[in-house]
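In our numbering, the protein residues as written are 551 to 928.
Contents: one structure, followed by commentary.
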């Protein structure tokens, strides 16, 4: 690698590392605030456990930060070189754009390989470990789920409120039962009660005293034109399973959290069923095939975005960081917008959605080649 190539390589590599680091920090901060802050504030999660969980988030957010980080770096470096006439000087010396941009393709190719590793191995493993660690950390203090003077929505289908709590003793207890549309279909109130954890089946057990219950018509839960029946009792008990607190991973999520080896193995198993496969198994086969193609396409997107960024960086010739960042964000937003549109075809396997997911990255790559040829002729 000559001096010129080393200069461009080091500039883009350094800018890429800084940009990816910045976007990783922003994404991981947002993810941590959304997933972990509530548990830490409620005392359900210790700070050291939260730090471990943040570490497990790194592969996930790094994969999302890599395309926009490289795109931003290419726009910044080539925009600066172009605005300072360094690109013009190189071309005046007889160097073609293809030769000048070799370090960009080298870095982009390495980024694609790294993205494939993140997408097919590191990210699924870290997300699985993240979920398991979060569940285990919260299970270590199961009674902390009931937070006084807070509407607790951790239990699917229920909202719980407790006025006071001293250890396992509760005062002013309220419970609302919700239907699938999140409408209240029943309400329970108790003056006092106690809470216990049954480790054998991972359940919280609530023993209530001086209880009044108000069931509602499940077909018309918000119809208050008729008197609502109220049932009173001296005591009652409720149980909440902690298994559903984090929501069982859906089939779609379980598929996306598989490594490449697991996806290929599962696809082979499902294909071997042939005509004897059930509808659910055929749907799963389509989803596995779609996931493999989607992960590969999104990894190739790193190169496709870089191919668009090279001619834009040279042509726009901006030194302003904010302008280049704005262009990078618009390109990425456009990419994910079109990717989302093609992703909607997942429910229509007859249209071969595993092929359509390549439309956006390949389209960006073709647009980048066209722009590159136009810039090269100038």
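We put the CB at the ideal spot given by N, CA and C, even for glycine.
Length of the line joining the Cα atoms of residue i and residue j
i	j	result
residue 700	residue 741	17 Å
residue 838	residue 821	11 Å
residue 863	residue 621	10 Å
residue 642	residue 652	18 Å
residue 743	residue 723	7 Å
residue 766	residue 738	11 Å
Reference residue i; option with closest CA among the options
i	options	result
residue 804	834, 664, 828	834
residue 671	811, 910, 865	811
residue 731	808, 748, 707	707
residue 665	635, 644, 630, 619	619
residue 676	807, 918, 753	807
residue 561	886, 819, 654, 663	654
residue 725	746, 751, 717, 756	756
residue 650	924, 902, 885, 552	552
residue 606	590, 683, 626	683
residue 669	851, 881, 788	851
Segment limits, alpha helix (DSSP H) that includes residue i
i	result
residue 812	810–823
residue 736	Residue 736 -> not in any alpha helix (DSSP H); beta strand (DSSP E) instead, spanning 734–748.
residue 614	597–633
residue 904	903–906
residue 644	Counting along the chain, residue 644 falls outside any alpha helix (DSSP H), and DSSP gives it neither H nor E.
Burial state of residue i, where buried means 16 or more other Cβ atoms lie within 10 Å
i	result
residue 890	exposed
residue 797	With a pLDDT of only 48 at residue 797, under 50, the local geometry of the prediction cannot be trusted, and the value read off the model is given with reservation. Exposed: under 16 other Cβ atoms inside 10 Å.
residue 845	buried
residue 719	exposed
residue 715	buried
residue 782	exposed
residue 800	Confidence at residue 800 is low in this model, with a pLDDT of 49, below 50, so the placement of that residue should be treated as unreliable; the coordinate-derived value is given next. The residue in question, residue 800, is exposed, as its Cβ has fewer than 16 Cβ neighbours within 10 Å.
residue 841	buried
residue 645	exposed
residue 877	buried
CB of residue i within 9 Å of CB of residue j, strictly
i	j	result
residue 658	residue 853	yes
residue 965	residue 574	Lying before the first or after the last residue shown, residue 965 is absent from the chain, which here runs from 551 to 928.
residue 697	residue 712	yes
residue 905	residue 843	yes
residue 785	residue 758	yes
residue 616	residue 576	no
Where the beta strand (DSSP E) through residue i begins and ends
i	result
residue 765	753–765
residue 728	719–728
residue 671	Segment: none, residue 671 is in no beta strand (DSSP E) and carries neither H nor E.
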